[in-house]
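See structure below.
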Amino acid sequence: MPNSPAVRRSTAQIKPGTEQRNMTPDIQEYLEAIPVLLMVGSAIAAVVAWLINRRDKQRASQLSASELAREKAEKARIQERQDHIDELRAAEASREAERREMREDREQFYDKLMHELARITQAYDAMRERHDEEMKRGISLRVSLADAALREKDLQATIIELTKEVKKLQGVIADMERRLEAREAKTDARDAEEDRGHEA
Numbered sequence: 001m002p003n004s005p006a007v008r009r010s011t012a013q014i015k016p017g018t019e020q021r022n023m024t025p026d027i028q029e030y031l032e033a034i035p036v037l038l039m040v041g042s043a044i045a046a047v048v049a050w051l052i053n054r055r056d057k058q059r060a061s062q063l064s065a066s067e068l069a070r071e072k073a074e075k076a077r078i079q080e081r082q083d084h085i086d087e088l089r090a091a092e093a094s095r096e097a098e099r100r101e102m103r104e105d106r107e108q109f110y111d112k113l114m115h116e117l118a119r120i121t122q123a124y125d126a127m128r129e130r131h132d133e134e135m136k137r138g139i140s141l142r143v144s145l146a147d148a149a150l151r152e153k154d155l156q157a158t159i160i161e162l163t164k165e166v167k168k169l170q171g172v173i174a175d176m177e178r179r180l181e182a183r184e185a186k187t188d189a190r191d192a193e194e195d196r197g198h199e200a
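For the sequence shown, UniProt numbering puts the final residue at 200, and the numbers step up evenly by one.
In structure tokens:
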């Protein structure tokens with residue numbers, strides 16, 4: 001029975017503070033375990049921090065490598081574009097030099113032609129003057145005509161020779177112009193093909 005004299009005596013025999021003394025060893029063990037737990041927690045935190053730091057460094061390294069590769073590719077693309085521009089400029093300079101050379105050759109040819117025409121005109125005028133003088137001196141008309149015909153024949157031969165030379169020079173100029181046009185067409189086709197390659 002809960003209220004029996006035996007139960008009351010048994011309860012009365014328990015001294016105050018006995019329950020507190022029975023719980024003290026468990027609390028003491030907990031207190032002693034706290035530093036160990038703190039050390040373990042600190043070690044775990046250090047390991048986690050090291051792992052996080054290592055992961056961040058790996059990511060940064062990967063990003064740096066990616067940025068470096070992208071920058072290198074961009075520099076290569078810029079250099080390739082600059083090389084292409086330099087090639088176009090060099091080709092244009094070469095074409096301009098060829099045009100300038102052709103203009104100079106044409107100008108020299110025209111200067112030579114005008115010089116020859118002036119010389120022929122001067123010779124013809126001199127011949128006419130001599131003919132007029134001879135006619136005034138009373139030289140035989142037949143002799144004068146024969147001499148004039150001979151000189152006229154020489155003059156015609158000179159004109160024919162000069163005409164052949166003019167035609168020959170015109171053929172040379174036409175051939176140079178055809179070669180220049182063919183070279184320009186080839187260069188334009190190559191440039192167009194390179195541009196399509198760059199766009200691709």
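Even glycine gets a Cβ: it sits at the ideal position worked out from N, Cα and C.
Looking only at C-alpha atoms, which of the options sits nearest to residue i?
i    : options                : result
L117 : Q156, R196, V48        : Q156
Y124 : K186, E74, R151        : R151
E101 : E177, T187, A182       : E177
Q170 : Q108, Y30, M39, L31    : Q108
K186 : L37, L88, V40, V172    : L88
E193 : A45, I27, H84, A69     : H84
R183 : A60, E98, L51          : E98
A148 : I159, A189, E134, R103 : E134
R103 : Q122, I173, A93, E67   : I173
T158 : R119, L145, P35        : R119
Is residue i helix, strand or coil when you go by DSSP?
i    : result
R130 : helix
R103 : helix
R54  : helix
R119 : helix
R179 : helix
R196 : helix
R70  : helix
R137 : coil
N22  : Model confidence at N22 stands at a pLDDT of 47, short of 50, so the residue's coordinates are unreliable; what they give is reported in the following sentence. Of the three classes helix, strand and coil, the one that applies to N22 here is helix, per DSSP.
Query - Touching by the beta-carbon criterion (3+ pairs, under 8 Å), the segment 116-130 and the segment 183-197 - result: No, the segment 116-130 is not in contact with the segment 183-197.
Query raised in the report: Three or more C-beta pairs closer than 8 Å, one from the segment 162-182 and one from the segment 108-122: is that the case here?
Result: The answer is yes - the segment 108-122 touches the segment 162-182, with three or more Cβ pairs under 8 Å.
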